[in-house]
Amino acid sequence: MTRAPLSPARTAAMFRRDPVQVMQLARLGLAHPTRLSFLRILLRRMQRENWRFDRPLFDIDANGVGRAVYRAIGSERTYSLVAFAHDLPADLRSDRVIATAWDATFALHDGTPDAADLGRLAANVPLQEAGRVTQKELTLSRANRSVRLFDHVVQCLSEGRQPDSDDLAATGYLMRTTAVYGSGKFGAATHRSLSERAETAAPFQAEMLTVWLIRAFTVDLVNHMARDRGGAMAVPLADGLRRILGVGNSTGLGMAPFLVRHPILLNNWMMVREEALARVRAQQAAMSDTVERFGLALMAAQENAAVWTSAHPLQQDRLTTLRSGLDQIAAYAETGWDRRAEYPWDALWHWGQTHLETEAQEALLSLMLEPHGHLIDGLEDCLSEDEAAAFAIDGSQQIGALKTMLARNYDWALEVDYTDHKASGRFWYVSEDKLEPRLGERFDEPGNDRELPLDIGRQAAALHETLESFPATAPIAELLLAHPEHRSIVRRVQLTAARPFAEIRDNLIDANMLPIDMLRCKLACFGASRFDPRSDRWVRISLFQNAPYPDDLHVGPDL
Amino acid sequence: MPEINALCLRAARGAGLGWGMAEDCAHAATWLAARDFDWADTVLYQLETSGGRQFTPKVRRWDTVTPACALHVGVAFSDFATLPEGPGSDGVCVGQVSGPLMIVPFAARASAVLGTALEITLDGAPWLHLSGDNLRIQGIGLMETRIAEVSVTPAPLDPTPPTQAALQSATISRHHLSRLDELALKMTVPSSATSAKGAGADDD
Numbered sequence: 118m119t120r121a122p123l124s125p126a127r128t129a130a131m132f133r134r135d136p137v138q139v140m141q142l143a144r145l146g147l148a149h150p151t152r153l154s155f156l157r158i159l160l161r162r163m164q165r166e167n168w169r170f171d172r173p174l175f176d177i178d179a180n181g182v183g184r185a186v187y188r189a190i191g192s193e194r195t196y197s198l199v200a201f202a203h204d205l206p207a208d209l210r211s212d213r214v215i216a217t218a219w220d221a222t223f224a225l226h227d228g229t230p231d232a233a234d235l236g237r238l239a240a241n242v243p244l245q246e247a248g249r250v251t252q253k254e255l256t257l258s259r260a261n262r263s264v265r266l267f268d269h270v271v272q273c274l275s276e277g278r279q280p281d282s283d284d285l286a287a288t289g290y291l292m293r294t295t296a297v298y299g300s301g302k303f304g305a306a307t308h309r310s311l312s313e314r315a316e317t318a319a320p321f322q323a324e325m326l327t328v329w330l331i332r333a334f335t336v337d338l339v340n341h342m343a344r345d346r347g348g349a350m351a352v353p354l355a356d357g358l359r360r361i362l363g364v365g366n367s368t369g370l371g372m373a374p375f376l377v378r379h380p381i382l383l384n385n386w387m388m389v390r391e392e393a394l395a396r397v398r399a400q401q402a403a404m405s406d407t408v409e410r411f412g413l414a415l416m417a418a419q420e421n422a423a424v425w426t427s428a429h430p431l432q433q434d435r436l437t438t439l440r441s442g443l444d445q446i447a448a449y450a451e452t453g454w455d456r457r458a459e460y461p462w463d464a465l466w467h468w469g470q471t472h473l474e475t476e477a478q479e480a481l482l483s484l485m486l487e488p489h490g491h492l493i494d495g496l497e498d499c500l501s502e503d504e505a506a507a508f509a510i511d512g513s514q515q516i517g518a519l520k521t522m523l524a525r526n527y528d529w530a531l532e533v534d535y536t537d538h539k540a541s542g543r544f545w546y547v548s549e550d551k552l553e554p555r556l557g558e559r560f561d562e563p564g565n566d567r568e569l570p571l572d573i574g575r576q577a578a579a580l581h582e583t584l585e586s587f588p589a590t591a592p593i594a595e596l597l598l599a600h601p602e603h604r605s606i607v608r609r610v611q612l613t614a615a616r617p618f619a620e621i622r623d624n625l626i627d628a629n630m631l632p633i634d635m636l637r638c639k640l641a642c643f644g645a646s647r648f649d650p651r652s653d654r655w656v657r658i659s660l661f662q663n664a665p666y667p668d669d670l671h672v673g674p675d676l
Numbered sequence: 481m482p483e484i485n486a487l488c489l490r491a492a493r494g495a496g497l498g499w500g501m502a503e504d505c506a507h508a509a510t511w512l513a514a515r516d517f518d519w520a521d522t523v524l525y526q527l528e529t530s531g532g533r534q535f536t537p538k539v540r541r542w543d544t545v546t547p548a549c550a551l552h553v554g555v556a557f558s559d560f561a562t563l564p565e566g567p568g569s570d571g572v573c574v575g576q577v578s579g580p581l582m583i584v585p586f587a588a589r590a591s592a593v594l595g596t597a598l599e600i601t602l603d604g605a606p607w608l609h610l611s612g613d614n615l616r617i618q619g620i621g622l623m624e625t626r627i628a629e630v631s632v633t634p635a636p637l638d639p640t641p642p643t644q645a646a647l648q649s650a651t652i653s654r655h656h657l658s659r660l661d662e663l664a665l666k667m668t669v670p671s672s673a674t675s676a677k678g679a680g681a682d683d684d
């Protein structure tokens, strides 16, 4: 995706943020979900296309063990979540990727599964990584109960009373997924093979549908177990309360390298968001209904920030900043913002740049996009791209041109002294036991000879140094013949030429780098909320909190 | 295909290739797998057999001392595609190559960039006709050739539909899988207590 063909607002180009500002890790780590986040795209499509939902199978016993099938029936195709609920001893419950058993396991099946499919899936899905699915499956996933809340809710409902809403909000979910595998993993269909389908063309749509249907399953499960325990006395979870619940997710370092290993996707995701912001800022006037919906979104954000908690000191500080910033925005929108002036949204944005902390600036971005669906929702078509198309290196490009691109897009990397122990204090690697990405201390631990190539800045600097010994008119093919070690970074520099948002513009091996910033950036693109770091390298979040369920998707307002 | 790509990337890196070369190796493996070629054997042959890397691209005929590694020759062929050292209008002989099937994905890339079909011969015998990703086998008996002199000549574009595996279920034998896994393990690092600290938890 390049900038030129995107904008229907011809003046939007003048309002775009500089990638130098946008792509700093500290700012990416403060990203908020927007209406262009992947789960919102899914919900909008299902609502717009009037998808239907049913539950043709729910065979689960009093202990919560059994299987269920949830169908999402679109205009052309049906997708089925096949759920297996297990009786998991407490001592086996683990959110780590090294776990081998879970409270529930899932697969998203392409179509309606028949008996043979269900038998095949029953033999494989509970095994997760140790099993195998087929191209008739789109995802493979598992989840663990929040034991405290899950049992509490079942007990309350079985006694005929509703759980306290504060208790629900404090945890935010009945189950948390510990992995949602898609796109070709363990035999499942690839995203590429599904890209011709409108409903799966945008990123991670199958994964989002999986999680959304899991959410419905978790509520059905507590209702079912409460009924079994309490008999006629039991009541179902009230609609207003179930809405508070999302699906939790534990995310660790495994997700972090994705943003670096997929620079084209990162560029598109950021470019789409930035183009959306530019289009809003380029509006010459603010319509009264958009201003009203901006106000509603702001109130919802304030409510969300009020109940968003974290035990991590860093996140606590950020939450304080966010709450205060949202209050500032509310006060300014009420009394200071001249919404009748020309380019009022741009004026609001500039005010935010001057008066708000970064956390609140990024929240303001999300709020400004919210009422402008008519202007920006079409950008969702620009999120995906065939990465293979840009894989080839142009060997005929001259060294001088490559140097120019390096200077333009990697200047942040060329200034760093990588001999400094702090600047190269860490290294990324793949763990031997689970083949998962890990972060090591370069000067304290062995293994940096097997480092993953996430040291983009250092690679760029090394390339820059090598280029000094080549004439500017020499072709890159000659450079790579003599120095194949630069092949990976040359490929990146070339593809970045037309993709200014392709790189995180920070040193990812610095001793002070925060992996959770990479996680939040990606999770915000998904649409995750309640970001709650548990260390500098893993995080809890919630998906679909306050979103509709299958049975009220078409009742609520437009998404 | 993503699994093939990931496995070959790790295996190539584990075998000692730089990341950029490993990326090209993985990309080539998926190209071959998508067309039902024996991608695993082809990759393993490159990674386990030490083909020479001493060659110099020249106009019309590359200098090669010993049979050269097809992966390295293929990458260079792709890089030099539009330069005088590439196939140009008269073609080029890239010399003796070890495991020539690995050259094909890179020749396909060159064909696409040049906008022309390419004929590939092994020791002078017609082998493959490439039009970008479209491919026609002209010498089926040559498919398992291990060492041959490879020549590439421009040819008229061919409208033959691409050879593509129908279900992307490119198979691999257990033996090949374990050898690739073995190589892949060489790029992993035992998790340390330090790195595991704070990497996750099992709380409620």
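Residue numbers (my numbering), protein chains in the order written: chain A, 118 to 676; chain B, 481 to 684.
Backbone N, C-alpha and C fix where the C-beta goes; we use that ideal spot for every residue, glycine too.
Source: prediction; values computed, not measured.
Within its chain, find whatever has a CB closer than 7 Å to the CB of residue i; leave out the 5 residues flanking it on each side and keep chain order.
| i | result |
| --- | --- |
| I562/B | According to the sequence provided, residue 562/B is Thr. The question's Ile does not apply to it. Cβ neighbours of T562/B beyond the five flanking positions: V593 and L594. |
| D570/B | R540 |
| N261/A | R210, D212, W219, D220, M292, R293 and T295 |
| R575/A | Y535, S541 and I626 |
| P667/A | F170 and A333 |
| V182/A | A202, H203 and D204 |
Since I believe residue j is in contact with residue i (beta carbons under 8 Å), could you give me their beta-carbon distance rounded to a whole number of angstroms?
| i | j | result |
| --- | --- | --- |
| V523/B | C488/B | 5 Å |
| P374/A | W545/A | 7 Å |
| S263/A | T229/A | Actually they are not in contact, since the Cβ atoms of S263/A and T229/A sit about 31 Å apart, beyond 8 Å. |
| L556/A | P632/A | 6 Å |
| L665/B | E479/A | Not quite, the Cβ-Cβ distance comes to about 41 Å (not below 8 Å), so this is no contact. |
| G644/A | R157/A | 6 Å |
| G579/B | T651/B | That belief does not hold up - the Cβ atoms of G579/B and T651/B are roughly 20 Å apart, past 8 Å. |
Restricting to Cα atoms, I'd like to know which of the options is closest to residue i.
| i | options | result |
| --- | --- | --- |
| R259/A | T295/A, R390/A and F321/A | T295/A |
| V397/A | H671/A, A200/A, A129/A and P353/A | A129/A |
| T546/B | R540/B, G532/B and T536/B | G532/B |
| L257/A | L631/A, F223/A, L523/A and Y527/A | F223/A |
| S501/A | Y187/A, N385/A and L394/A | N385/A |
| N131/A | E316/A, A393/A and A216/A | It is Met, not Asn, that sits at residue 131/A in the sequence shown. Of the candidates E316/A, A393/A and A216/A, the one whose C-alpha sits nearest the C-alpha of M131/A is A393/A. |
| Q279/A | M163/A, P563/A, N340/A and D528/A | N340/A |
| P588/A | P563/A, A518/A and R604/A | A518/A |
| Y527/A | I621/A, P601/A, I510/A and S483/A | I621/A |
| K302/A | A423/A, Q164/A, K253/A and L486/A | K253/A |
| L413/A | V389/A, L436/A and L443/A | L443/A |
| F175/A | A333/A, G347/A and P461/A | A333/A |
CB-CB under 6 Å to residue i, same chain, minus the five flanking residues each way: which ones, in chain order?
| i | result |
| --- | --- |
| Q648/B | Note on Q648/B: pLDDT 46, under 50, position unreliable in the model; the coordinate value appears next. Counting only Cβ-Cβ distances below 6 Å, and skipping sequence neighbours, we find M481. |
| T368/A | L636 and V656 |
| M350/A | G277 |
| G554/B | M582, I583 and F586 |
| R616/A | N384 |
| P197/A | One detail in the question is off: residue 197/A reads as Ser in this sequence, not Pro. Only V186, R188, H226, T229 and P230 meet the Cβ criterion. |
| W329/A | F661 |
| H472/A | none |
| S275/A | A343, R346, G347 and A351 |
| R565/A | It should be noted that the sequence gives Asn, not Arg, for residue 565/A. Here the set comprises F544 and R559. |
For residue i, which residues in the same chain have their Cβ closer than 8 Å to its Cβ, ignoring the five residues on either side in sequence?
| i | result |
| --- | --- |
| T704/A | Because chain A spans 118 through 676 in this model, residue 704/A falls outside it and cannot be assessed. |
| S513/A | P592, I593 and A594 |
According to a CB-to-CB cut-off of less than 9 Å, which residues of the segment 521 to 540 of chain A neighbour chain B?
The residues in question: there are none.
Could you please tell me which residues of the segment 600 to 629 of chain B, in chain order, have their CB closer than 9 Å to any CB of chain A?
The segment 600 to 629 of chain B vs chain A, Cβ under 9 Å: nothing.
Ranges of the alpha helix (DSSP H) found wholly within the segment 377 to 426 of chain A, counting only runs of at least 4:
The segment 377 to 426 of chain A contains these whole alpha helix (DSSP H) runs: 380 to 398 and 405 to 424.
Pull out every residue of the segment 649 to 668 of chain B whose Cβ sits closer than 9 Å to any Cβ of chain A, in chain order.
Only S649, A664, L665, K666, M667 and T668 from the segment 649 to 668 of chain B bring a Cβ to less than 9 Å from some Cβ of chain A.
Which residues, taken in chain order from the segment 590 to 605 of chain A, show a beta carbon closer than 8 Å to some beta carbon of chain B?
Of all residues in the segment 590 to 605 of chain A, only P592, I593, A594, L597, L598, P601, E602, H603, R604 and S605 come within less than 8 Å of chain B when Cβ atoms are compared, listed by chain position.
Completely contained beta strand (DSSP E) runs for the segment 199 to 235 of chain A, where each covers 3 or more residues:
Complete beta strand (DSSP E) runs here, min 3: 221 to 227.
Short-range partners of chain B found in the segment 488 to 517 of chain A, where Cβ spacing is below 9 Å:
So the close ones are A505, F508, A509, I510, D511, G512 and S513.
If you measure beta-carbon to beta-carbon, which residues of the segment 177 to 190 of chain A are closer than 9 Å to chain B?
Listed in sequence order: no entries.
Listed from N- to C-terminal order along the chain, which residues in the segment 539 to 559 of chain A have their beta-carbon within a distance smaller than 7 Å of any beta-carbon of chain B?
Answer set for the segment 539 to 559 of chain A: Y546, V547, S548, E549, D550, L552, R555, L556, G557 and E558.
Using a Cβ-Cβ cut-off of less than 8 Å, give me the residues of the segment 605 to 628 of chain A that come near chain B, in sequence order.
Across the segment 605 to 628 of chain A, CB contacts with chain B closer than 8 Å involve S605, I606, V607 and R608, in sequence order along the chain.
Contained alpha helix (DSSP H) runs [length at least 4] in the segment 501 to 536 of chain A, N- to C-terminal order
DSSP runs (the alpha helix (DSSP H)) wholly in the segment 501 to 536 of chain A: 516 to 526 and 528 to 531.
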